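K.L.:
Protein chains in written order, with our numbering: chain A, 0 to 352; chain B, 0 to 352; chain C, 0 to 352; chain D, 0 to 352.
Sharing a structure with you now.
There are 4 protein chains.
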Amino acid sequence: MSDRTIGVGVIGAGYWGPNIIRALAETPGAQVVAVADLDPKRLATVSKRFPAVRTTQDHRTLMSDHAVDAVCIATPISTHRRLAEEAFAAGKHVFVEKPLAGNVADADAIVRASEIAARTLMVGHTFVYNPAVETVRGLLRHGVLGEVFYVDSQRVNLGIHQFDFNVLWDLGPHDVSIILYWLGEEPIWVQCVGQAYVQPNIEDVVFLTMGFPSGAIAHAHLSWLAPSKLRRTVVVGSRKMAVYDDTLPAERVKVYDRGVEAISIEELRRSYRAGDVHSPRIPETEPLQLEMRHFVDCINGDALPLSGGEAGTRVVRVLEAGMRSLRTGGARVPYRIEGARRPELVTLASIGA
Amino acid sequence: MSDRTIGVGVIGAGYWGPNIIRALAETPGAQVVAVADLDPKRLATVSKRFPAVRTTQDHRTLMSDHAVDAVCIATPISTHRRLAEEAFAAGKHVFVEKPLAGNVADADAIVRASEIAARTLMVGHTFVYNPAVETVRGLLRHGVLGEVFYVDSQRVNLGIHQFDFNVLWDLGPHDVSIILYWLGEEPIWVQCVGQAYVQPNIEDVVFLTMGFPSGAIAHAHLSWLAPSKLRRTVVVGSRKMAVYDDTLPAERVKVYDRGVEAISIEELRRSYRAGDVHSPRIPETEPLQLEMRHFVDCINGDALPLSGGEAGTRVVRVLEAGMRSLRTGGARVPYRIEGARRPELVTLASIGA
Amino acid sequence: MSDRTIGVGVIGAGYWGPNIIRALAETPGAQVVAVADLDPKRLATVSKRFPAVRTTQDHRTLMSDHAVDAVCIATPISTHRRLAEEAFAAGKHVFVEKPLAGNVADADAIVRASEIAARTLMVGHTFVYNPAVETVRGLLRHGVLGEVFYVDSQRVNLGIHQFDFNVLWDLGPHDVSIILYWLGEEPIWVQCVGQAYVQPNIEDVVFLTMGFPSGAIAHAHLSWLAPSKLRRTVVVGSRKMAVYDDTLPAERVKVYDRGVEAISIEELRRSYRAGDVHSPRIPETEPLQLEMRHFVDCINGDALPLSGGEAGTRVVRVLEAGMRSLRTGGARVPYRIEGARRPELVTLASIGA
Amino acid sequence: MSDRTIGVGVIGAGYWGPNIIRALAETPGAQVVAVADLDPKRLATVSKRFPAVRTTQDHRTLMSDHAVDAVCIATPISTHRRLAEEAFAAGKHVFVEKPLAGNVADADAIVRASEIAARTLMVGHTFVYNPAVETVRGLLRHGVLGEVFYVDSQRVNLGIHQFDFNVLWDLGPHDVSIILYWLGEEPIWVQCVGQAYVQPNIEDVVFLTMGFPSGAIAHAHLSWLAPSKLRRTVVVGSRKMAVYDDTLPAERVKVYDRGVEAISIEELRRSYRAGDVHSPRIPETEPLQLEMRHFVDCINGDALPLSGGEAGTRVVRVLEAGMRSLRTGGARVPYRIEGARRPELVTLASIGA
């Protein structure tokens, strides 16, 4: 069905929805045909900019619209599962904004629904489609950095405080999805320390740490309370080191030929290598565009989702573990709960899929 | 005795000792009269630059030298206690390089010895004498930043790996001494996650977190494995935020008039303040010079040590707690061990001081 | 007539025209009613995004459109005079993209036409509406910087090479309009050195210098051949100094409390002041939006153009002088040609305006 | 005579002299044996740090000192010629601080004296020994940058105002010596615009431009009146571009793979290349050390001065031309005065050297 234009319905026209609509408007092979939102003002704004798009306050209108092949869900996290299940039940392909769900059970249910419906499920981990992130992944894949020692990320700025979830769920999906994508492994343990300053029980500052089977650790400072915007991630490898700074207008990825050459405690000698710094050219295509094109490719059967249901669930699992750690004063908690089996697999087997 | 020139003996002429010698050479009211080191080559270098200074391979020569009023100890940590005790026993004033000792028991013993000898004990927490650090402290003192929410510090670079202690003990004293000085309170708990990559059991990367009675938390990333040198500390307060970046040639302290104005969950409203940025002028005097002058003032009875035995012990206590946390997989541990009494106070009482 | 919505026609939908259309779409009191361009593809793009706008390949259709009260001209420089004269003849208000014209004679003619038609003429010197530029002007107005010694500007990047005029006419209007606005005076002399590397006779690198009656000099480096984009302007005053860097995401204007305190050749003494650095908050409104709102205000009689015909002519006069200097090997040339009188004034008198 | 230690006498212990003394103290094969200065306080300071060095207020003592093989002249410019001539007459090798002299006639005389005495003459163009400058020269030599289009340099800071010469003579020697070294050619013309703000007739801000036979132009902004220190030089070549920023703690040289691919006026097409950015590792040896070692090598006959009398004279010739241009309102003046012959060559021929 790759020659047909995919009709897309977007649910949620608040903060991020309009970006999806705009990106889809420029995506070959896709067309936004309908937008649903509870707020008529938002729908009016959409209509003004895209007069040909049908708008509705009732998302079920969109679900039953035969011109809608795929649904993009850009609504509050707590609604993701219900809306995704409805969409799969109606035979639609589904794109869910990050994070996939507010807990692993919901994420599993969404994955299950997509498997039963045999429809594409993709999660909006936009950074996985960021050419700079891809560049670093290439460096890792090709062994340029050697074995990864650790990853350290700073993702901080002033606001925007959310009311229903903390900064771990707001900014965390970015770093977790990037780090899991880069390392290609799931963590063993998760640790999360944080504090709620402005609103009770809604942490606005957290420090998240993950330990991996390879020995690598990853650390992220996430904050809504910071004087200036930082988006800086360092990958320290045994051979080279890379810095990815998303706030820079140019040279967003730098590779440092730096490392430890030799340490000899016998001779009390330490020698370091400090060579050239290289900044590879990064293509300037907008990540959201690349993500939407990939969604179309997946629906058309030309690709498998880079950020599919499994990837989305892994991120939720880290965040859920992070919450357990936060609630127990920052204790180190296992990524997988002892004795828990991956329910989706069991269920899939039981239904004979 | 303030008119007399203080004769100083320096033990240890390795990495840091020569800096102390140079700084003392320019300190009014002080004069380096003797230097001890086991390595004759180092002594030869000292002699070449300072021909008038007596050198010896036996530190006891220096301890019994009547021209020596004060001793500066710049030797490996494990020797601090023994040398300090000898110096106090010989009636000398003592300056000990940071950290004061490798454990609280040793630190306490040194403090006790200074009290018994009634001689000045000062610890080389040079950053406490850094005009930029003092500027931030002034902002905190005068309420410019409001209540402190959190402090986040990055102190990372490539090397220099130590052989006998980890990066927590090497770089940690700087951040811990700065943070305790700024906040004016001792932590309740300490948490430390780290990894040893290059040498077994010698962590080269750690993330240290401290929780304080006021509700503030402080976090520091310390690393010998980083592509570029970072010395950046952020203080987020309820009224303003400050950044202290020690790598910059100018504008090392910036005060951001940024904050949260109002968050109303009822009206789903959030408003932020983003005002001017101000960078106060920082005097350019070298911190080490100021530290040495302060040491002389303390010996002369004109001041009390800003980084005395108590302050030095508090830093060691944090590091020791950090080690306990590290060894238990990053668990949150109390700053003070339950039931432990401050031995120095007991002892002081018992000796009737 | 201030309550009526101004109908605007835009001529030229190439590089800059679409930006004007978009900005006008969000300007209260204005509405784009028609767009003219020779290229039907560009018109199709406009129609797709703004279906209600009439499009035409013949600009005369737009000129005779009664719904069109004002015309925005975003066409090649050589067409500015003819189109502006037609528009004024049709009784329209006119906005002309910078530079106003390719020579002073044409600029004068346009100003004359606007005066005869008694219609608003405004030139697209967008930077004059930039809040950062306004902030620096405020510093100058209120004497914060003292007397201006000199202004130095770097406006360089790679490309975009123009085919019909050089970098002086492409990037120069920005700096010249900013500097004349700040200093509030016209230069006495102009000097311009340059070289054409990529295309014969089309200078891609020039250094422009202007001397002012106050003694101030202004210098600008303009280039299409540079490794990275620079937009940095320094204003050195007798009391303070300011830097305006338009490439920064924040702190785009910095005021340095730096200067010379005293220089005494008798005592061979020099003393400098190096105080605080202050970065005032800059409103984030888009300059183009502010410019379009100002155009509407001017048409409605609520304001006089900040970048009117006179201001636009002054910029052209500097560029024309710069060309004379360039063609004579960088000689210093007078801003006003000896004996030349301002023709528009003469003409205005003769027509009894 | 390469095995013998060179005895060096230093004349002038003001601002720069002590740096030379310190550098020589660490130079193998050289030893400072005597220092002359009119000011006894300065001599006392030298004695304190270097007790073995003989000091004198009469430079003739040093000239007649048989232990002195070479003389370093770090005195005011106006004294260079007389002192150098005396030193050569006494059979010494001579190092003269930059600029070699205050006019070409004096520079020529010094060169002549060195030739007659057959002794080494070296000029203190320290930047020519800077590893970053050498790195850029390597890029040029090996064609990495292609043909040089232009060089643009910013060398500005606040102070230090000189009393007897302007900023062109103070900061200009650095850029001129670097640029002539890089380009390997002498300019055809020189142009210089400037202004004296703080002291009458002593320009504190100048813009210097040079045109070269190859078509390259070079431009330098030199200023004692600037809010922050800039040391940034851009080299734009036909193949790549390089930036040398001496204020950075790392990555002081960056090579940008950027350029114009094709410009076709027929097809109205322009295409640019924006590839990787590379920052080669720069050795961290101090330039002054390298310079002093080179001076020793030259005296020992192991090398020819990289910054010898000819190179020093070329710099003076540019500065002298710059002064002519400044005094005539920034007119373009020839580098070589019409009809002037290089006197030193004539003289050399006449003496049969």
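Where is the CB? At the ideal position from N, CA and C, for every residue including glycine.
Nothing here was measured: the structure is a model prediction, and the numbers come from that model.
Under the three-state reduction of DSSP, which class applies to His79(C): helix, strand or coil?
P.N.:
Residue state, collapsed to three classes: helix.
K.L.:
Gly13(C) to Gly183(D), Cα distance in whole Å?
P.N.:
In a straight line, the C-alpha of Gly13(C) is about 45 Å away from that of Gly183(D).
K.L.:
Am I right that His92(A) and Ala69(A) are in contact with their C-beta atoms under 8 Å? What's the rounded C-beta distance?
P.N.:
Indeed, because the Cβ distance is near 4 Å, the residues count as touching under 8 Å.
K.L.:
Indicate whether Leu167(D) and Tyr196(D) have their beta-carbon atoms separated by less than 8 Å.
P.N.:
Their beta carbons are not under 8 Å apart, which means Leu167(D) does not touch Tyr196(D) by this criterion.
K.L.:
For a contact meaning CB atoms closer than 9 Å, what does Met240(B) contact in chain A?
P.N.:
Going along chain A in sequence order, the residues near Met240(B) (Cβ under 9 Å) are Leu157, Leu224, Ala225, Pro226, Ser227.
K.L.:
Report yes or no: do three or more beta-carbon pairs, one from the segment 3-13 of chain B and one from the segment 220-238 of chain A, lie closer than 8 Å?
P.N.:
The answer is no - the segment 220-238 of chain A does not touch the segment 3-13 of chain B, with fewer than three Cβ pairs under 8 Å.
K.L.:
Determine, using beta carbons only, whether Thr232(A) comes closer than 8 Å to chain G.
P.N.:
In summary, chain G is missing from the structure at hand, where the protein chains are A, B, C and D.
K.L.:
Please report the residue range of the beta strand (DSSP E) in which Trp188(C) lies.
P.N.:
Segment 188-194, the beta strand (DSSP E) holding Trp188(C).
K.L.:
Give the single residue among Ala249(D), Pro17(D), Phe87(D) whose Cα lies nearest to the Cα of Arg41(D).
P.N.:
Per the Cα distances, Pro17(D).
K.L.:
In three-state terms, what does DSSP make of Pro17(D)?
P.N.:
Three-state result, Pro17(D): helix.
K.L.:
Using 8 Å as the threshold, is the C-beta distance between Glu202(D) and Gly193(D) below it?
P.N.:
Result yes, Cβ atoms of Glu202(D) and Gly193(D) sit closer than 8 Å.
K.L.:
If you pair each beta-carbon of the segment 276-287 of chain B with each one of the segment 268-288 of chain C, do three or more pairs fall below 8 Å?
P.N.:
Contact between the segment 276-287 of chain B and the segment 268-288 of chain C is present, because at least three Cβ pairs lie under 8 Å.
K.L.:
Are Gly311(B) and Cys191(B) closer than 8 Å when you measure CB to CB?
P.N.:
Against a cut-off of 8 Å, the Cβ pair of Cys191(B) and Gly311(B) comes out as no contact.
K.L.:
For Val175(A) versus Ser222(A), is the C-beta distance shorter than 8 Å?
P.N.:
In this structure, Ser222(A) does not lie closer than 8 Å to Val175(A) by Cβ.
K.L.:
Sort out for me which residues DSSP pairs His277(A) with in a bridge.
P.N.:
According to DSSP, which records beta bridges pairwise, His277(A) is partnered with Val254(A), His277(D).
K.L.:
Helix, strand or coil for Ser222(B) per DSSP?
P.N.:
The answer is strand: DSSP assigns Ser222(B) an E or B state.
K.L.:
Within 10 angstroms of the Cβ of Pro333(B), are there 16 or more other Cβ atoms? Answer buried if so, exposed if not.
P.N.:
Pro333(B) is exposed by the Cβ-count criterion.
K.L.:
List the endpoints of the continuous alpha helix (DSSP H) containing Val52(D).
P.N.:
Where Val52(D) is concerned, there is no enclosing alpha helix (DSSP H), given that its DSSP letter is neither H nor E.
K.L.:
Here's the rule I'm using: 16 or more other beta-carbon atoms within 10 Å means buried, otherwise exposed. How should Thr268(B) be labelled?
P.N.:
The residue you asked about is not Thr; residue 268(B) is Arg in the sequence shown. Flag for Arg268(B) reads exposed.
K.L.:
Please name the residue, chosen from Thr208(B), Trp15(B), Glu84(B), Leu144(B), that lies closest to Ser324(B) on a Cα-to-Cα basis.
P.N.:
Looking at the Cα atoms, Thr208(B) is the closest of the given residues.
K.L.:
From Leu120(D) to Ile10(B), what does the alpha carbon distance come to, in whole angstroms?
P.N.:
Their Cα atoms are separated by approximately 46 Å.
K.L.:
Inspect the beta-carbon positions of Ala106(B) and Leu99(B) and report whether they are closer than 8 Å.
P.N.:
Closer than 8 Å, so yes.
K.L.:
If you drop the 5 nearest sequence neighbours on each side, which residues of the same chain put their C-beta closer than 7 Å to that of Asn129(B)?
P.N.:
For Asn129(B), where only same-chain residues beyond five positions count, the Cβ hits under 7 Å are Pro286.
K.L.:
Below 8 Å, can you find three or more Cβ-Cβ pairs linking the segment 17-36 of chain A to the segment 49-60 of chain A?
P.N.:
Result yes; three or more Cβ-Cβ pairs closer than 8 Å.
K.L.:
From Leu23(A) to Arg231(C), what does the alpha carbon distance come to, in whole angstroms?
P.N.:
So the alpha carbons of these two residues sit roughly 37 Å apart.
K.L.:
Considering only their Cβ atoms, is the gap separating His124(C) from Ser306(C) smaller than 8 Å?
P.N.:
Yes.
K.L.:
Could you spell out where the alpha helix (DSSP H) holding Val93(D) opens and where it closes?
P.N.:
From DSSP, Val93(D) is part of no alpha helix (DSSP H) but of the beta strand (DSSP E) over 92-96.
K.L.:
Could you round the C-beta distance between Arg316(B) and Val132(B) to whole angstroms and report it? I think they count as a contact, below 8 Å.
P.N.:
Incorrect: roughly 20 Å between the Cβ atoms, too far for contact.
K.L.:
Starting from Thr54(D), find everything on chain B with Cβ-Cβ shorter than 7 Å and list it in chain order.
P.N.:
Correct list: empty, because the minimum Cβ distance to chain B is about 16 Å.
K.L.:
Please classify Gly351(C): does DSSP put it in a helix, a strand, or coil?
P.N.:
Its pLDDT being 33, under 50, Gly351(C) is placed unreliably in this model, and the coordinates cannot settle the point.
K.L.:
Only counting runs of 3 or more residues, tell me where the beta strand (DSSP E) segments fall wholly within the segment 133-160 of chain A, in order along the chain.
P.N.:
Correct list: 147-155.
K.L.:
Who pairs with Gln355(D) in a beta bridge, going by DSSP?
P.N.:
This structure does not reach residue 355(D), given that chain D is present from 0 up to 352, and the question cannot be answered.
K.L.:
So what does DSSP say about Leu305(C), is it helix, strand or coil?
P.N.:
Three-state result, Leu305(C): coil.
K.L.:
Run through DSSP, which three-state label would Leu179(C) get?
P.N.:
Correct three-state label for Leu179(C): helix.
K.L.:
If you follow the beta strand (DSSP E) that Val31(D) is in, where does it begin and where does it stop?
P.N.:
Where Val31(D) is concerned, the enclosing beta strand (DSSP E) stretches over 29-35.
K.L.:
Identify each residue in the segment 29-61 of chain B for which the Cβ-Cβ distance to at least one residue of chain D is less than 7 Å, and report them in chain order.
P.N.:
Cβ contacts with chain D come from Pro50.
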